[in-house]
Structure formats: structure tokens, C-alpha cells
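Please read the structure below before turning to the comments.
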Amino acid sequence: MSFEWTKKITLFASLVLASGLPGSVAEAAGSTTLLNVSYDPTRELYQSENAAFTQYWQKKTGQTVKIDQSHGGSGKQARAVIDGLEADVVTLALAYDIDAISDSKLLPANWQQRLANNSTPYTSTIVFVVRKGNPKQIKNWDDLVKPGVSVITPNPKTSGGARWNYLAAWGYKQKQTGSAAQAKNFIKALYKNVPVLDTGARGSTLTFAQRGLGDVLLAWENEAHLILKEFGTDQFEIIAPPVSILAEPPVAIVDKNVDKHGTRKLAEAYLNFLYTPEAQEIIAKNSYRPRNPAALKKYAANFPKIKLFTLGEVFGNWRSAQKTHFNDGGVFDQIYTP
Amino acid sequence: MAFFQRKRRNILPGFGLSMGYTVFYLSAIVIVPLSMVFINTIPMGWEPFFSAVTTPRVLASYRVSFSTALFAAVFDAVAGLLTAWVLVRYRFPGKQFLDALVDLPFALPTAVAGICFATLYSPVGWLGKSLTSWGLTIINTPTGIIIALIFIGFPFVVRTIQPVLEELEPEIEEAAHCLGATRLQTFSKILLPHLFPALLTGATLAFARGIGEYGSVIFIAGNLPMKTEIAPLMIMSKLDQFDYNGASAVALVLLLISFSMLLLLNAVQEWQQKEYR
Amino acid sequence: MHPPKRTPGNPAPKTLSDPKPVQIVLIGLTFLFFTGFIFLPLSLVFSQAFQKGWEFYLECIREPYAVEAVKLTLLTVSVVVPLNAFFGLAAAWAITKFNFRGKAALKTLLDLPFAVSPVVAGLIFVLLVGSRTPFGSWLGEHGIKIIFSTPGIIIATLFVTFPFVARELIPLMEAQGRDEEEAALTLGAKGWQIFAKITLPNIKWGLLYGMILCSARSIGEFGAVSVVSGHIRGQTNTIPLHVEILYSEYNFTASFAVASLLVFLALITIVLKSAMEHQFKKTA
């Protein structure tokens, strides 16, 4: 009797094997497939961009391309690429993560100079999302440190978006007072008001929007618009602070992988496509700030005037920002050490 | 292989084959991969290793992980004993169903469990709503972590006690009964000591599993440094800084603790078995 | 952790049963515990999954990416369970039929994967075959993909579910001793004959139950697999990972619909197990 069972199980197993294997083998073949390894909030953006690019490429060359997507926390995704996830292009939340990939020789150190606008076809910034009617009257960064205000932002150690949030707050204070010490105190007071540090930006959104925690969510501008779309404009509203950071999420080709796959041309075309008017319009529609002035003008209503400072202005570059603020023993650790 | 040498001649065949395969498979799947954690900490040197695993935040995360896992394991021991007792001793409608559902925490992905608990206990969730109105918060507190860990560890306790309870000889209890012992006395003086090794095993497994649990906890823990940040999250955040060695160092500490706990447990069991014989 | 010795329909003798009120209280407490920790999460999954109706539910689980995820998960299970079952048999045979030095240590090593954090379980394979390592880059040069593809997912699952079958069989075979096998041997039976005719029939329910637990756990494993998967939609997403992806895309209903598939798989396990016990009663 036991053998009947084993027979059945073996039969079942071989059926599954037969149905599962051919699919994956077929997909591996051919060089008209690109793998785009990206961070969390860009799911919707690249869904539209990939469809547009596929059409564009079909029209131009007659080739049908397939673009596979992988999404996750920016740092985690960079690590996956370093550890052997064969991404043809990476589109991550911050330059530091691509720097880390270039450290392991998958792409040259000057990667950011290879495409226009610092290799960032779109930018974004950090805004506030509050509950309808803004009951706590949160208008500016200083309102976040008021007693009784509960702020939702992810963990800067594990989330790229959270690092932009942190740097935006710090930069605001440092530009206002000219003092790093005051900025540090400000950050310390701000994180005192944070009741939960989710591991990713999407986690924070869910904590705020679905689980009803917190008075204000610090979010990417594009993510803020998505929250309104997904959860309803009758529940939340977006508050644009007068000053914020210019967030530049860069894109790059992973040279070692495209050479291995023979997809360099396609990958280059794909990234260049992101700068075309058509793609820029998709970018604007998804509430990322486009580089193309025409697209920016067309969707200007979506992008309130915020005085944006760059990371370079306040922090020099990503490597030093990371080292001072987020690495072990950095400022973020210090503000939690009693 | 010399280590695993047979002590005394045994006429049954297949020792070399089964032992060889066991050692080979164990090495390939468990030992060699696990040794990577050790190998990756070697280049660090002793000093940096020690300082990496003893920063205040890391120490606090051990404390959070250990205390919550301990609470959860104790709770599981009680709830598991109760469940096993009821399932083995009583007859009631829906018993089969309960018995089967004990394994659910094995099958449900930890992330789904985490999402479920976070949703249930959020201020707008089914349970959280009334709890909040009584002034209780579960989500983003150590209590939330404990709840997730109770769920994760529960089957370990039930499934280790159940078989022992089933094989308990009724004669002992009958004898106690005839000698005039009350049920409570029989339970505390005779049954409990007999069940204790299994209870300890189950609770230790739940505890060890709880220390390492990640997927379900991060959704409900709040992850606040020094307060509700668990040790596996420290590994993750070190990895996100591309600090492979630091991550391995914390992983090694967790691994050594789990391993010595299991070793101790098996030693206690060996000893117990000898006592009984 | 093995199936009941005493069959379900055969409760303890009369003198041992507790007074009715005690029974009712204890059963009540058990149900209370189950309500808080098992029923509520379960009903949450189902209420969310069917929030938008049956049609939408079907649509969610028929969606190509979901189907791919189911396929990958089933493939993983069908490789992992036989391998670990075979290992469990070998390990249990070696451990219970012979005496040797280091037995306790070996048993501890078998349990180790239970106690290893899923995060670490994923990390070790990245450290072993990730392309940063010499071994990993050698594999890469020879076009062998392990990590961030199906083999990596299978290996990580193997690790996580490693002890289940062995742990089920060892106490069972220990209790049964080796007298029967030794008797068969003296009667002239060959090694494989002894195993197939005596040992296997004795332990088949334990073996099957171990395999069921092993498949349940490999279907549901999230942490370790998430580290080695690479999260490529339609290629390296298992069901649990797909659930997480849908959830973070704010597709709550779809996410819970796919999660409910996992619960259904667990329910199938339940049916299998009861069927087994039924069979067991008939043969006993």
C-alpha cells in the first residue's frame, strides 16, 4: 500500500516537473530579454514604460522584446546584483547603491557621467501625506518635531527612500540655520516622534494608510500621489513643504551582464528611451518630475513649486552622506544611543 | 568518518551506506553552507568582530529577540500542553479539524502571518479597534512581537508533546487513582514530570525558532532601535550597508547560541533517557 | 511528532477521564487560543480574498504571474520532498539501528536548520555561491546559475525543511528497536529486502506525515527564499513571494487571494492526513 502512495507521489512529481521545466528553459533563451532591477515605488512606472518601449522597439526594429522586472528595497536589489542577479539595467533609488555595484567591477566607476542629467531621467522629492483636513496643521518641516505629532517614515538603514527623507529634513534645517549641530538636534527630535520604522517605503505607506498609524507620512512625491489614487482622495491629502531635497534616482547599464547576454544595444536603447518625450510624459503621468521641460509644463499642476536643494549642496556626495549618517556608528545610530 | 565510528558490532547491514549518505548530505546542505558564516568573519579579526557584535544597538536587539522569544516559548508551552492534552484525551466535535490546523503555522508563509497580525491588531483592525479603545497597543510593541512568535512556535510544542502523551501508559495513572491521588495530584506529580522532557524540547525549538524569526515579526514589531528591533533585522540592515562581514558576525553569534541551546537540550534528553532506563 | 499510536476513536479508559466540567473548560480554552491565533488570521485571509467576489478571486489566481508562481512552488516541493525524505530514511536508519560515537552531536546537527534564522539560511547560500565568491564566479563563468534562479530556491528550501522527515522517523524507529530486522537477517533476508519488507511498512505513516510537514513548510517558506530569489516576476517568484509583491503593489485582494491558495494547499494536507489516519485505523 505504501508503494501505491509512493507511486502516486512520483507520478505527481514528474508531472509537475514536466509542466514546470520547459517554460523556464524557453525563457532563458534569446537575447531580446532585458532584466530591469529596480526599487520599490517604480512598479507602476516601469509597467507603463516597458509597454511603451516594447511597442517603440517593435516599430523600429521589428523585434519583440520582453522586459522582466524585479522590485525590492534599493539596497537589497543592489546587493542581489552584486551577488549575481544578472540585471541588464539597474534603476535604483540612490546613486550610492549603484556605486556599490561599480565597486564590485560590474560597471565602471564613471557610470553616472554616461547618460544625461547625472543618469537620472526623472527626479522626485520628498513631501508630506496627512489625513484629510490636516488635523494637526502640518505645513513645514518644523511642524514634524512638535510634541504629539506622530511621523511615519521607514528605516534609513534598510530603505533608500527613508534616506532621502532623512537627508531632506537634515538639509532643510542645515540650510535654515547653517549649523550641522542644530540639524542633528532637529533630526533627533524628529525621530523621537517616529513610532515605527518599517523596512521599506511601501511598508510605511501601508502602516500609515491601511493601519491608520501616525499623523504624517514622509514619502516620495510619486508615492504620495499613488496613495491618493489607491486609497482615495477623501482620506488623505498631500502637503508640499516649502523646501525639500531634489531626489535623483539614477539608472545604469550593468556592463558585465549586458556583454554576457549580448544585450548592450538593447539596454542602451531602453535607457535612452526614458529620455524621449514619449517616455518623459509617462514619467510625468506617474508623478515623477520629468527632465523634459515640455512634459513638466504639461503636468505642472501635479508638481507644486518647492525650493529644491541637491544632495551635493549639503552633503557633498552619496558616499560621504552614507558614511557620516547611515553607516554603523553614524549620526542615525547616535541619535538613538542614550 | 572516523568520528562516527561504530562502537560495537551490529549484524544489521547498511551502516556505511546510510551513514555515508547522511554525512554527505548533511555536509552539502547544512554544514558547508553554514560554515560560510564563520569563514566570512575570519577576515575581520577578533577586535572588529567583537565590537561589531557588541554595539549598544546590537546588544539591545539580542535582548529584544531573546526576551520576546522566551515569553512566546513559555506561552507556547502552556498553550501547547493544553492543546495536546485536549486533542489526545478528549472527544469533541471538530477535533480532527483542530488537530490538522495545528500545522498551519508551518504552511502559512511567515510574511502572510505577519501581515495578518499587523492588520488584526492595527488601530483600525478587528482586534486592535477594541484594544485601542481600552488603551492597549499591541502593534509596534514587544507584545506584538510575542504574538507573532507564539504563532510561529506553537506547532513545535504540540507536535512534540502529542506522541508522548499518546504513549503514556494508563497503568500509572490508574495506580495513582487507586492510591487515592486526586486528578490534580496525578497530573502535577506524575504526568507533568513525565511530559517534561518533551515539553522542554518543544519549547526550546519554539524558542530557537523565535530568536531567528524575521518575516512575520518585521510587520508588527515597529523596528525601533533599542526598543523593538530584533536581531535578524540587524543582520539585514548590515547587509543593506554592503557589510557582509558584519552581517556574518551577528549571524554567527545567533548561530552559536542556537547551536549550544540545541546541544544542551540533546544532552539533557540523553541524560533523561538514561535515568528512565 | 508522529501519527497517533492510539487511534483517534479509542480514548483513554474511563478511570482516567477528567470530570466533564474540567473537560469543557479545557476544550473551551483551547478553542479560545485557536480563535485568537489561528481562526482569526485565517478568516482575515479569506474575508480579504473574497472581498471583491468570486469572479475577481478566480481572475486573481488565474493571472499568468500567479500561475507561474504556483508552478515554481510545486516544482520546488516536488524536488525538495523526495530528497529530504530519502535523506531522512538514511539518517534514521544510521542513527537508530546502530550505536556509534558522536550520535548526540549528529542529532543536534540534524535539528540545526530549525534554529537557524531564515535570514541566515538565505545569507549562507549567497555567501557560498554568490558571484562575489571564488566558487560563485567560477560557476558564473561556466554558465551555471544557482542563486537567483530555480536551483537556488530549491537549495534554500532543502535547507529549511531539512530536519522534518528525519525528526519524524528517528523517535519512531527508536521506539520500534531493531529486533524485527535482526530476526529477518538471521532468517537470511537481504539488506534491501529487510528495509522494504519490514522497516518501511512499520514506518510508512511516520514517513508520510514527515513528508507532508516537509511539503507544507516548503510551500510556505518565505524568509530564506526571499534572499536567494531575485524576485523576477514570472521566473523566480514562489507563491509566498508573489503574495508579498501583490501586497506591496496595494493589490490587497489579489494578494490575499493568492495567500488563500496556500491555505487551501494546507487544507489538502489536512485531508491527506485524515485519510492516512483512516487507512491506519483500517489496517490496525
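In order, the protein sequence lines correspond to chains A, B and C. In terms of this note's numbering, the first sequence opens at residue 774 and continues consecutively. In terms of this note's numbering, the second sequence opens at residue 4 and continues consecutively. In terms of this note's numbering, the third sequence opens at residue 199 and continues consecutively. The beta carbon of each residue, even a glycine, is placed where N, CA and C say it ideally should be. Please read all numbers here as calculations on a predicted model, not as lab measurements.
- The Cβ atoms of L1084/A and F1076/A lie no closer than 8 angstroms to each other.
- At a cut-off of 8 angstroms between beta-carbon atoms, R852/A makes contact with chain B.
- At a cut-off of 8 angstroms, the C-beta of H844/A has a neighbouring C-beta in chain C.
- In the displayed model, Y263/C falls within a helix according to three-state DSSP.
- The Cβ-Cβ distance between A364/C and A422/C does not fall below 8 angstroms.
- The stretch 274 to 288 of chain C makes contact with the stretch 402 to 414 of chain C, as at least three CB pairs between them are under 8 angstroms.
- Per DSSP, the unbroken beta strand (DSSP E) holding V863/A starts and ends at 862 to 864.
- At the C-beta level, S136/B and A313/C stay beyond 8 angstroms of one another.
- Rounded to the nearest whole angstrom, the C-alpha separation of T58/B and Q165/B is 42 angstroms.
- By the neighbour-count criterion, in which 16 or more other beta carbons inside 10 Å mark a residue as buried, L460/C falls on the buried side.
- Uninterrupted alpha helix (DSSP H) stretches at least 4 residues long and entirely within the stretch 878 to 917 of chain A occur at 889 to 892, given in chain order.
- The closest CA to that of S877/A, considering only T331/C, L308/C, L304/C, is found on T331/C.
- Those residues of the stretch 923 to 942 of chain A placed with their C-beta closer than 7 angstroms to a C-beta in chain B are N928, K930, T931, ordered along the chain.
- For E266/C, the closest of Q374/C, A302/C, N435/C by C-alpha to C-alpha distance is N435/C.
- Look at V989/A here: in three-state DSSP terms it is strand.
- With a threshold of 16 other beta carbon atoms within 10 Å, H440/C meets it and is buried.
- One alpha carbon belongs to V279/C, the other to L356/C, and they sit about 8 angstroms apart.
- What I855/A touches in chain C, judged by beta-carbon distance under 8 angstroms, is G328, S329, R330, going in chain order.
- Neighbours of V127/B across chain A, judged by C-beta separation under 7 angstroms: R984, G985.
- Around the Cβ of A63/B, a 10 Å sphere holds 16 or more other Cβ atoms; the residue is buried.
- P1063/A is bridged by DSSP to Y895/A.
- The straight-line gap separating the alpha-carbon atoms of E442/C and G389/C is approximately 48 angstroms.
- Interface criterion not met: the Cβ of Y1043/A is under 8 angstroms from no Cβ in chain B.
- DSSP places I1079/A in the coil class of the three-state scheme, outside both helix and strand.
- Shown in chain order are the members of the stretch 237 to 262 of chain B whose Cβ falls below 8 angstroms from a Cβ of chain A: M239, S240, K241, L242, D243, Q244, F245, D246, G249.
- Restricting attention to L15/B, H197/B, N143/B, the CA atom closest to the CA of F222/B is found in N143/B.
- For the stretch 302 to 327 of chain C, residues whose beta-carbon sits nearer than 8 angstroms to a beta-carbon of chain B comprise A302, A303, L304, K305, T306, L307, L308, D309, L310, P311, F312, A313, V314, S315, P316, V317, V318, L321, I322, F323, L325, L326.
- The beta carbons of K930/A and S240/B sit closer together than 8 angstroms.
- Under the DSSP assignment, D841/A falls in the beta strand (DSSP E) whose first and last residues are 839 to 845.
- Under the Cβ distance rule, D377/C does not count among the residues neighbouring chain B, no pair being separated by less than 8 angstroms.
- For H440/C, the nearest beta carbon of chain A is not closer than 8 angstroms to its own beta carbon.
- With a 10 Å radius around the Cβ and a threshold of 16 neighbouring Cβ atoms, W274/B comes out exposed.
- As for any alpha helix (DSSP H) of minimum length 4 sitting wholly inside the stretch 328 to 384 of chain C, the runs are 332 to 339, 348 to 359, 361 to 374, 377 to 384, ordered along the chain.
- Looking at L256/C, S427/C, L273/C, K471/C, the one whose alpha-carbon comes closest to that of D856/A is S427/C.
- According to DSSP, L230/C shares a beta bridge with no other residue.
- Secondary structure at Y945/A: helix, using DSSP grouped into helix, strand and coil.
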